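Protein chains in written order, with our numbering: chain A, 2 to 294; chain B, -8 to 306; chain C, 281 to 827.
So the structure is just underneath, and the comments pick up after that.
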Amino acid sequence: MTEMAAGAVKPRKKESYTRMVMKRLLTNPTAAIGLVILAIIILVSVFAPFLTKYSPNDIDYTLVYAAPSAAHPFGCDALGRDMLTRLMYGGRYSLTLGFTAALVGAVIGVSIGLVAGYAGGMTDMIVMRIMDVWSSIPGMLLAILISTTMGAGFGNTILAMTVGGIPGGVRGTRAMCLKEREMEYLEAERAQNCSTVRILFKHLMPNVISPTIVGTTMSIGGTIMGAAGLAYIGLGIQPPNPEWGSMLSEGRSVITTHPYVILFPGLCIAATVLCINMFGDGLRDALDPRLKK
Amino acid sequence: MKKYVLQRCLWLIVVLLCVGFLIFTVMYFVPGKPADVLLTAEATAQEKYEFNQKLGVNDPYIVQLGRYMYNTFIKFDFGTSYVYRVPVLQELNNRVPRTLTLGTIAIVINAFIGIPLGVACAMHQNKPLDHLLMILAMAGISMPDFWLALMMILLFSVKLKWLPPFGIGSWQNWIMPVIACSVQGVAVNARQTRSAVLETIRADFVTTARAKGVPEHDVIYKHMLPNALIPVINMLGGAFGRAIAGTVVIETVFSFPGVGVYMMNGINGRDYPVVRGCVLVLAAFSAVAVLIVDLIYGFIDPRIKAQYEGGGAHK
Amino acid sequence: MKKLLSALISGLMVLSLTACGSSSSTAAAASGAASSTGSATAQSFDTIIEATKTASNIDPLNMNQSGKNFLWEVYEMLFDLDGFGGDMYGVLADSSKGEYKGYDHEAGTPEYTVYLYQNIKDSAGNAITASDVVFSYNTMKDSGYAHGWNTLASVDAVDDYTVKFTFTRELTKVGELSAYWARCFVFSQKAYEASASKFASDAVGTGPYVLKSYTAGSGITLEKNPNYWQTDTTAIHTQHQANIENIQYKFIDEDATNVVGLQTGDVDIVEEVATKSITDFQDGGAYADTYDVYQHANNLTDMALANVSSDSVCNDINMRLALFYAIDPVGVVNYMDTNSVKSVYALGNANFPDYDSGWEKEDNYETLSSDARAAKVKEYLDKAGYNGQKIKILCLNEEHYKNLSQVVGSMLNAAGIQTADVQAVDNSTYQTLLADSTDWDLDVCGWAANDFIVNCWDHIFSVGSTGKTGTFIDQNDQLITLLNTARETATHTQENVDAVHEYYISQAYGMGLCQSIVNVVYNSKKITKLVFTDKSMILPGACTYTN
Chain A
2 MTEMAAGAVK PRKKESYTRM VMKRLLTNPT AAIGLVILAI IILVSVFAPF LTKYSPNDID
62 YTLVYAAPSA AHPFGCDALG RDMLTRLMYG GRYSLTLGFT AALVGAVIGV SIGLVAGYAG
122 GMTDMIVMRI MDVWSSIPGM LLAILISTTM GAGFGNTILA MTVGGIPGGV RGTRAMCLKE
182 REMEYLEAER AQNCSTVRIL FKHLMPNVIS PTIVGTTMSI GGTIMGAAGL AYIGLGIQPP
242 NPEWGSMLSE GRSVITTHPY VILFPGLCIA ATVLCINMFG DGLRDALDPR LKK
Chain B
-8 MKKYVLQRCL WLIVVLLCVG FLIFTVMYFV PGKPADVLLT AEATAQEKYE FNQKLGVNDP
52 YIVQLGRYMY NTFIKFDFGT SYVYRVPVLQ ELNNRVPRTL TLGTIAIVIN AFIGIPLGVA
112 CAMHQNKPLD HLLMILAMAG ISMPDFWLAL MMILLFSVKL KWLPPFGIGS WQNWIMPVIA
172 CSVQGVAVNA RQTRSAVLET IRADFVTTAR AKGVPEHDVI YKHMLPNALI PVINMLGGAF
232 GRAIAGTVVI ETVFSFPGVG VYMMNGINGR DYPVVRGCVL VLAAFSAVAV LIVDLIYGFI
292 DPRIKAQYEG GGAHK
Chain C
281 MKKLLSALIS GLMVLSLTAC GSSSSTAAAA SGAASSTGSA TAQSFDTIIE ATKTASNIDP
341 LNMNQSGKNF LWEVYEMLFD LDGFGGDMYG VLADSSKGEY KGYDHEAGTP EYTVYLYQNI
401 KDSAGNAITA SDVVFSYNTM KDSGYAHGWN TLASVDAVDD YTVKFTFTRE LTKVGELSAY
461 WARCFVFSQK AYEASASKFA SDAVGTGPYV LKSYTAGSGI TLEKNPNYWQ TDTTAIHTQH
521 QANIENIQYK FIDEDATNVV GLQTGDVDIV EEVATKSITD FQDGGAYADT YDVYQHANNL
581 TDMALANVSS DSVCNDINMR LALFYAIDPV GVVNYMDTNS VKSVYALGNA NFPDYDSGWE
641 KEDNYETLSS DARAAKVKEY LDKAGYNGQK IKILCLNEEH YKNLSQVVGS MLNAAGIQTA
701 DVQAVDNSTY QTLLADSTDW DLDVCGWAAN DFIVNCWDHI FSVGSTGKTG TFIDQNDQLI
761 TLLNTARETA THTQENVDAV HEYYISQAYG MGLCQSIVNV VYNSKKITKL VFTDKSMILP
821 GACTYTN
């Protein structure tokens, strides 16, 4: 806030939209914590080679299912590999998978949803029926079918998870659009002969985007867990690559005797998804144009 | 409105036809055939070919497609499972009610706990209660459901011996699967509701209602909540479709013979009739759920109802 | 609002709390199941509960599917085998007739005549005659589920109690007769045709037990057959006894759930418990007073087979030798846990009577000591001119094989051989990839037989309709010739078996990795002695009980 000199009337400095969003975001405690922890997780994954002296594929039969110790803080897995190292490297796969699939799916989904919701009529009908067909096949099933047909592996898993997430984004955006499109401000824009694209992306989108943002952030978490689920049933990323889901799967048979094998990957997934959700919530609050402090 | 409903029903049939075609094509391209799974590893290629021949899966694409579309949509015969050797419709008759019940109870719990929770959080936004409950909710979303299921079995069946660990004999068998299925949903519901309520609570019509002196209770439940619930209902509709799909892993962990494992085994066993049948049934449920959701939109929000009746296109 | 919320939550909590308090053994639709909680006294029980993998149907024609253990209690065959590698004895065939204790055969002809008992009845009261046997065999043949039945020409009823089998040639190889006579259940034609599901969801057999109920996806209940046809108790073999009133099979697919089932007392027998989970049930464990662990070595041998076609780098024998010298079997056993697996030195294990322990003292890639391997690897890599091609390892999508493949992969990497990601796929995709010679270089798999090691080798190397074996060895290869000689009963000598072994080792077609130890955990308060079929499956009816 600028100080007011006695007698003078200074115009208030206008805050840019982005700055306002950032400020709101960072003053929200849950969002800030989520962002910080998420950043730590991402950095740890990226700089994994420097943070650990083990390689994720170093097998050692003397350390099979070793309990957590000073040398191996999270214990070792079925082949004696250090869990902490594998979790760190595994973060790369899981995070990349989650973010890429969710974001690409969201971008595609929102675009389609905006068009369908705004145009209405036949376009809306057709797009929604296509989405009906698309989403009738359960997301996991679609992912399983794609993985089985095209083979497992990193690229195919991203494709599989992206495809499953699109109808959700479309439907959510379109639902909000149905509400918004009769609003006066859009009438005003149309009266000014604004181009449709501009209307869609500059004026309509910010107002309908909030549930989509919440939806997308939750879908990042959901995608990470979906990928874990795929790995759990044996599709997805192939051994010996470390991936949190396949690590969970490996631990399920020793859950009664060595619970830490399934505990730490589960915690990693939970922590990552939790942070993403916390951040996403804060982002939603920060982006809401109607929210005034 | 009637015309709109009729239109949607006709579209439903088209959608189901498309789904049938789609799933048939996808399964056609999945590598491997039933003989790989049903015959032993020592079977020769010739034996496998003849076995597949008897099932009719060696025929060209068009022939199989024609046979399938005719049987499914005209004779309503979903075929017989190659692996289970029982007609698909008959088996689904047994399994769908189970999964449906599981899914429905889970959704009911979601709604009855999640929505009030979300409303409470929104009402007390940014107070400690809000933060606490939201973090709990998010923790619920973040846990892999099979992990939760295994943890629950360890606690309730092994350590405490309160509940049976698997099977479907008595109503106690259902408790843990239901909880495992609903935890995520409650959390998602709470967050969505909170989010939607926060949006609506600052809307002009709410301020107007308050200014008019409407009691706060009515403001919330008569004016605000119906509007806030639109995205929530949308999500519940989607969740219903997903719940029917069943969670394969929960069914595996609890040895719960539902639609999820049936479909999963169908895919692994290249049991085409099973997969096609399951997907069609799921699609039908999903589509009907979506239709109901859209109609509820219209019922709640007169603006949307006007759109349906006006044919939709704006000018 | 808050009040509503808290009321709701507390209501739900009360609801879940009232759920407890009932006994924990309520799972599965059952009848007359006496309480089988772990700490119950063993005196008055009449039911035994076994956990198996889920059976997709109860069809007796496809007996190789999982969860079909109950078939051996409800149905019977012409002959049966007295355990793994055991003698063939008559069940429906009358051992008092015929030159060979149940059948006649003139040497040099392809005809075999089997004599039936005259008083066989199934549980519905239908009399079983020769025409039913003919029907059973023809149905089995038409179903396509029978493996290796390409030598059966016809089955005919000579009279009501005599059946003549005509084959395309005389069956002189070891185990060929029992592949027909101890691998086909006999049932009444009348009952089969009267069954709407054709025995896929109901069962009528001649065995000592009768199907009481079958809940798809959940379990099977059997009860003792009160009208078992064999009234001559001296003629009933141990395997066909009915020592308990009711048998229940519960379908459990998840390993952890199996263990939980044992701990809660919901299950009495589990046939394959992972070694890492059995400590609670062994001496000194928490449940040691109620349970016992019976360990036996699996007939299945885990092995790595090489793709010898021209599409793979393993076409070159030097490459194959390099690969197999790089894999250290001692290391493999260490990784898979010395309590869970045993060492093997061939594409088969010591369970088989025709295994020669002399193989363990030879000097080849199976036996060479760990420290001497690196030099050999280098030698053969140089000879093969290896320049960094990635070896593609293929295996089934099961934890055991995934671990094995990763260990193999790590060992190859340590020796300087590059590997691609392991392809761990489901069964159907596995078969498809296996049939394509461009898709893999090393196949990590398991093979077994129920009688002789030569039959195990036959399964691995038998020639398909393409004229090549599963690992793309040409059918004219000397291996096939030597193998066929060794399989003939007349020439089934240790010498000939050794010759086969020596040949495939010299050609480095495959390498045995390890043999699993199977842990059977059973309720020792109820069961005193376990009885197995020749496929090493437990026969709950035949076990001896404490009551």
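Just so it is clear, CB atoms sit at the ideal spot from N, CA and C, and this is done for glycine as well.
Note that the coordinates shown come from a computational prediction; the quantities given were computed from them, not determined experimentally.
Assignment of alpha helix (DSSP H) within the stretch 96 to 126 of chain B, counting only whole runs of 4 or more residues, yields 106 to 114 in chain order.
With respect to the 8 Å criterion, residue 410 of chain C and residue 371 of chain C are not classified as neighbours on the basis of their beta carbons.
Counting the other Cβ atoms within 10 Å of the Cβ of residue 434 of chain C gives fewer than 16, which makes it exposed. Under the 10 Å beta carbon count, residue 117 of chain B is surrounded by fewer than 16 other beta carbons and is classified as exposed. When C-beta distances to chain A are compared with 8 Å, the residues of the stretch 695 to 715 of chain C below that value are 701, 702, 703, 704, 705, 706, 709, in chain order. Nearest CB-CB separation between residue 113 of chain B and chain A: not below the 8 Å threshold. The stretch 406 to 421 of chain C and the stretch 441 to 461 of chain C touch, with no fewer than 3 CB-CB distances between them shorter than 8 Å.
Excluding its 5 nearest sequence neighbours in each direction, residue 239 of chain B has C-beta neighbours in its own chain below 8 Å: 251, 252, 254, 255, listed in chain order. Annotation: residue 823 of chain C is outside any beta strand (DSSP E) and is labelled neither H nor E by DSSP. Counting only unbroken stretches of 4 or more residues, the alpha helix (DSSP H) elements lying wholly within the stretch 176 to 238 of chain B are 195 to 202, 216 to 236, in sequence order. Excluding residues up to 5 positions away in sequence, 357, 358, 359, 360, 361, 368, 814 lie with their Cβ nearer than 8 Å to the Cβ of residue 462 of chain C in the same chain. If one requires a minimum length of 4 residues, the alpha helix (DSSP H) runs lying completely within the stretch 425 to 463 of chain C are 456 to 461, in chain order. Within chain B, the residues whose beta carbon sits less than 8 Å from that of residue 229 of chain A are 135, listed in sequence order. For residue 520 of chain C, no pairing in a beta bridge is given by DSSP. Less than 8 Å separates the beta-carbon of residue 712 of chain C from that of residue 27 of chain B. Around the beta carbon of residue 670 of chain C, a 10 Å sphere encloses fewer than 16 other beta carbons of the protein chains shown; the residue is thus reported as exposed. Counting along the chain, residue 102 of chain A sits inside no beta strand (DSSP E); it lies in the alpha helix (DSSP H) bounded by residues 84 to 120. Distance from the Cα of residue 742 of chain C is smallest, within the candidate group C:517, C:571, C:760, for C:760. By the CB criterion at 8 Å, residue 639 of chain C and residue 517 of chain C fall outside the cutoff.
Assignment of residue 138 of chain B by DSSP, reduced to helix, strand and coil, places it in the helix class.
Chain-ordered, the chain C residues with CB closer than 7 Å to the CB of residue 257 of chain A read 536, 539, 557. Comparing alpha carbon positions, the residue from B:121, B:43, B:241, B:79 closest to residue 24 of chain B is B:43.
For residue 350 of chain C, there is no enclosing alpha helix (DSSP H), as DSSP marks it with neither H nor E.
The alpha carbon of residue 427 of chain C has as its nearest neighbour, out of C:663, C:764, C:738, the alpha carbon of C:738. For the pair residue 26 of chain A and residue 284 of chain A, the CB atoms are nearer than the 8 Å cut-off. Per DSSP, reduced to three states, the secondary structure at residue 203 of chain A is helical.
Under the Cβ criterion of 8 Å, residue 474 of chain C is not counted among the residues facing chain B. Counted as a single uninterrupted DSSP element, the stretch harbouring residue 389 of chain C is not any beta strand (DSSP E), since DSSP gives it neither H nor E. Cβ-Cβ separation between residue 684 of chain C and residue 793 of chain C: approximately 6 Å, consistent with a contact (criterion under 8 Å).
Taken in chain order, the members of the stretch 63 to 96 of chain B whose beta-carbon sits within less than 7 Å of a beta-carbon on chain C are 74, 75, 76, 77, 82, 85. Looking at the DSSP output, residue 670 of chain C shares a beta bridge with no other residue. Spanning the alpha carbons of residue 631 of chain C and residue 264 of chain A requires a straight line of approximately 39 Å. Secondary structure at residue 78 of chain B: strand, using DSSP grouped into helix, strand and coil.
Here residue 156 of chain B is near residue 544 of chain C, since their CB atoms are less than 8 Å apart. Here residue 520 of chain C is buried: its Cβ has 16 or more other Cβ atoms, across all protein chains shown, within 10 Å. In this structure, C:732 is the residue among C:803, C:732, C:757 with its C-alpha nearest to the C-alpha of residue 459 of chain C.
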